[in-house]
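Heads up: the structure comes next, in structure tokens.
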Amino acid sequence: MPTNRPVRVRFAPSPTGELHVGNIRTALFDWAYARHTGGTFIFRIEDTDTERVTDEYIQKAIDTLKWLGMDWDEGPEVGGPNGPYLQSQRLDIYAEWAAKFLAQGDAYHCYCSAEELEAVREAQRKANVAPGYNGHCRSLTPEQVTGYVADGRKPVVRMRMPDGETIFTDLIRGEVKFDHNFVPDFVLVRADGSPLYTLAVAVDDVLMQVTHVLRGEDLLSSTPRQIRVYQAMGVKDDEYPLFAHLPFVMGQDNAKLSKRNGETSISWYREAGYLPEAICNYLALLGWSPGEDRENVTMKELAELFTVERVHSSPARFDMKKLEAINGDKIRALTPEEFFTWSLPFLVNGGVHSGGEGDVALTKAALPIIQERITKLSEIPALLNFLFVKDFAVEAESLAKISDDDSKKILGLAHDRLADLGEWSHAKIEEVLRAALIEELGLKPRIAFGAVRIAVTGSHISPPLFESMELLGKEKSLERIASVR
RNA sequence: GGCCCCGUCGUCUAGCGGCCUAGGACUCUGGCUUCUCAAGCCAGCUACGAGGGUUCGAAUCCCUUCGGGGCUACCA
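First residue of the first sequence: 9, per the numbering used here; consecutive thereafter.
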């Protein structure tokens with residue numbers, strides 16, 4: 009076990025779509041472990057499946073990691089001594105190793121067609137035996153090979169799985185054992201010469217001197233194959249990387265999280281106004297916990313606290329409600345300046361204002377009164393729109409609530425008293441309104457202020473009324489009250 | 001079907017043989033506070049899948065069983 013080597017961890021997604029929540033959780037643990045140990049974090053793109061991986065998704069994966077605050081030491085954009093970090097640019101390396109395996113007799117050419125293999129599997133299913141390659145081409149005679157070649161068959165390269173078993177210690181699950189009777193000979197290179205995941209991961213992990221493989225649980229059963237490649241490469245067994253198979257992130261319906269059972273793409277969360285630190289904090293809690301009833305951690309703290317020993321072996325359900333709660337906590341913890349920086353794009357993109365000097369000043373003044381009332385940044389436009397809107401109008405539903413005579417009376421009095429007010433501050437506004445509506449008219453605050461709130465903000469839900477009126481200004485406030493009195 | 005992994009409140013988890021009549025967080029319910037909405041505070045609901053062992057003593061160890069999931073590709 010490479011315990012005395014400096015830690016090198018890699019996150020190696022196959023961008024066949026946008027990185028989803030599960031991928032991100034894996035990346036986060038990889039990153040946190042590398043940072044915790046002072047090791048190296050490698051970002052590698054596994055794009056051997058050219059049918060499904062696209063440049064667009066690769067770029068998105070890069071952007072996503074950056075946005076979330078996970079920096080890498082080797083990989084796309086930053087390079088490194090073990091590059092290239094796109095498997096599609098390492099094809100010659102895989103070809104070399106495949107040739108070596110062939111020469112050593114660890115691997116062999118297999119001429120079986122897809123149909124033939126399917127027929128074998130079908131028969132195995134019927135006979136109720138373990139499915140897998142039957143070893144048909146393991147020891148072909150030169151004549152047989154000539155025959156296949158003459159038929160125009162193109163061979164794949166298949167790894168020979170010797171009898172016996174593979175035992176390894178998973179850092180999370182303990183000792184795991186696979187009998188080779190259930191690990192059939194597997195394909196390393198397609199008939200067209202392109203490498204398969206099984207070849208590429210193993211070769212790259214060895215060449216990039218990866219010491220710890222933290223990856224999804226779905227890859228657990230492919231580990232014996234990976235170890236087989238190490239052996240063929242001549243890696244000593246005490247130099248294999250250590251494996252840690254992370255539990256799944258599940259959707260509401262108990263199946264692996266996917267588009268069908270929840271929002272999985274990070275861009276969705278980004279647009280909805282989730283903070284990267286909230287996403288990472290929440291995801292860190294899925295399958296890991298710092299203990300001692302601790303839940304709130306920053307990225308920095310995560311790096312300090314994260315250990316593989318505290319990672320769970322059981323899968324976790326994704327819960328949007330909890331994410332929202334954490335997001336709200338993180339938003340409240342923002343400094344005014346940070347909160348402004350995060351908010352501005354939502355205001356501008358939401359069409360509330362264009363980000364001009366005056367808009368910015370008013371925004372900065374208004375943000376403090378809403379910071380503790382939101383759980384997502386996307387809620388900001390609706391809350392502050394009344395301050396900026398050009399052609400103000402009370403929403404129909406709310407308008408009905410202030411169309412009765414009692415409301416007219418409230419608004420009329422409020423308008424008159426406010427018109428006489430000299431110092432337009434929220435404290436003074438409240439003082440005047442309380443004197444007039446609560447004491448003089450004897451109304452309940454929620455009734456009296458409710459009417460004014462609708463008149464001024466256009467909605468029965470708004471930031472605190474008096475602060476809102478101060479921000480809106482005397483002229484506009486009176487104008488709005490007058491228009492519905 | 002076969003192989004492998006997993007199993008504490010609705011959810012995320014603490015727990016690693018006695019501190020557990022099982023703790024925290026989110027959700028939900030009720031209350032307080034209150035100009036709406038939040039925030040904050042208080043209270044409540046609800047869990048060791050089941051059955052056997054081992055032990056003075058088990059959520060913690062062992063076995064069985066049931067349940068969930070993954071893999072079983074010239075996907076990763």
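For each residue, glycine too, the CB sits at the ideal point set by N, CA and C.
*Excluding the 5 residues preceding and the 5 following R325 in the sequence, name in chain order all residues of the same chain whose CB lies nearer than 6 Å to its CB.*
M258
_Exposure of V86, with buried meaning 16 or more beta-carbon neighbours within 10 Å_ = Result: exposed.
*Please state if the CB of S386 and the CB of A280 are separated by a distance shorter than 8 Å.*
yes
*Given that a residue counts as buried once 16 or more other Cβ atoms are within 10 Å of its Cβ, and exposed if not, what is M9?*
The predicted model places M9 with a pLDDT of 48, which falls under 50 and marks its position as unreliable; any figure quoted below should be read in that light. When all chains shown are included, M9 counts as exposed.
_Would K338 and E285 be called neighbours here (beta carbons separated by less than 8 Å)?_
Their beta carbons are under 8 Å apart, which means K338 touches E285 by this criterion.
*Compare the beta carbon distance of T315 and F348 with 8 Å and say whether it is the shorter of the two.*
no
*Counting only the same chain and skipping the five closest in sequence on each side, list residues whose C-beta sits under 8 Å from that of L254.*
R33, T34, F37, I180, L222, R223, G224, E225, G295 and V319
*List in chain order: all unbroken beta strand (DSSP E) runs of 3+ residues lying wholly within the stretch 213-273.*
220-224 and 250-254
*Look up G87 in the DSSP assignment and give the residues it is bridged to.*
Partner(s): G83.
*Alpha-carbon spacing of S476 relative to N393, whole angstroms*: 11 Å
*Using alpha carbons as the reference points, say which of D178, A422 and D193 lies closest to G143.*
D193
*So what does DSSP say about T349, is it helix, strand or coil?*
In this structure, T349 counts as helix in the three-state DSSP scheme.
*Round the Cβ separation of K384 and N304 to the nearest angstrom and send it over; I've been treating them as touching at under 8 Å.*
Not quite, the Cβ-Cβ distance comes to about 18 Å (not below 8 Å), so this is no contact.
_Of the listed residues A20, A435 and V402, nearest to P517 (C-alpha basis)_ = Outside the displayed range of the chain (9 to 493) lies residue 517, so it cannot be described from this structure.
*Quick one: grab the DSSP three-state call for G326.*
Reading off the sequence, residue 326 comes out as Phe, not Gly. If DSSP states are grouped into helix, strand and coil, F326 belongs with coil.
*Sort V402, N12 and L125 by Cα distance to H490 and report the nearest one.*
His is not the amino acid found at residue 490; the sequence shown has Ala there. Comparing Cα positions, the closest option is V402.
*Where DSSP assigns a beta bridge to A115, which residues make up the other side?*
Answer by DSSP bridge pairing, in chain order: M167.
_Quick check on this structure: which residue in L94, Y141 and S470 has the alpha carbon closest to the alpha carbon of H188?_
Y141
*Could you say which of N12, E59, E126 and Q97 lies nearest to D246 if we only look at CA atoms?*
N12
*Helix, strand or coil for K185 per DSSP?*
strand
_Within a Cβ cutoff of 7 Å, which residues of the same chain sit near D114, ignoring the five residues on either side of it in sequence?_
The residues are M167, R168 and A240.
*Grab the span of the alpha helix (DSSP H) containing F37 for me, first residue to last.*
V29 to T45
*Taking the CB atoms as reference points, tell me whether Y93 and R52 lie closer together than 8 Å.*
yes
*Excluding sequence positions up to five away, which residues of its chain have a Cβ less than 7 Å from the Cβ of M307?*
G77, E285 and C288
*asked:* Please list the terminal residues of the continuous beta strand (DSSP E) segment that includes I50.
replied: T48 to F51
*Report buried or exposed for L215, applying the criterion of at least 16 other Cβ atoms within 10 angstroms of its Cβ.*
Exposed, since its Cβ has fewer than 16 Cβ neighbours within 10 Å.
*So H28 packs on T272, CB below 8 Å; how close in whole Å?*
4 Å
*Would you check if there are 3 or more beta carbon pairs closer than 8 Å linking the stretch 366-380 to the stretch 422-430?*
no
*The alpha helix (DSSP H) with V153 in it runs from where to where?*
P150 to A158
*How big is the Cα-Cα spacing for T177 and G25?*
Cα to Cα, T177 sits roughly 32 Å from G25.
*Is it buried or exposed for G201, if we count other Cβ within 10 angstroms and need 16 for buried?*
exposed
*Where T465 falls: helix, strand or coil (DSSP)*: It is helical.
*Work out the CA separation of R98 and T62 for me, nearest whole Å.*
17 Å
*For S406, which residues of its own chain have a beta-carbon under 8 Å away from its beta-carbon, when the five flanking residues on both sides are left out?*
I462, G466, S467 and H468
*Name the one or two DSSP bridge partners that D178 has.*
G182 and F251
_T2 and V15 closer than 8 Å at C-beta_ = Here the chain comprises residues numbered 9 to 493, so residue 2 is not present and cannot be evaluated.
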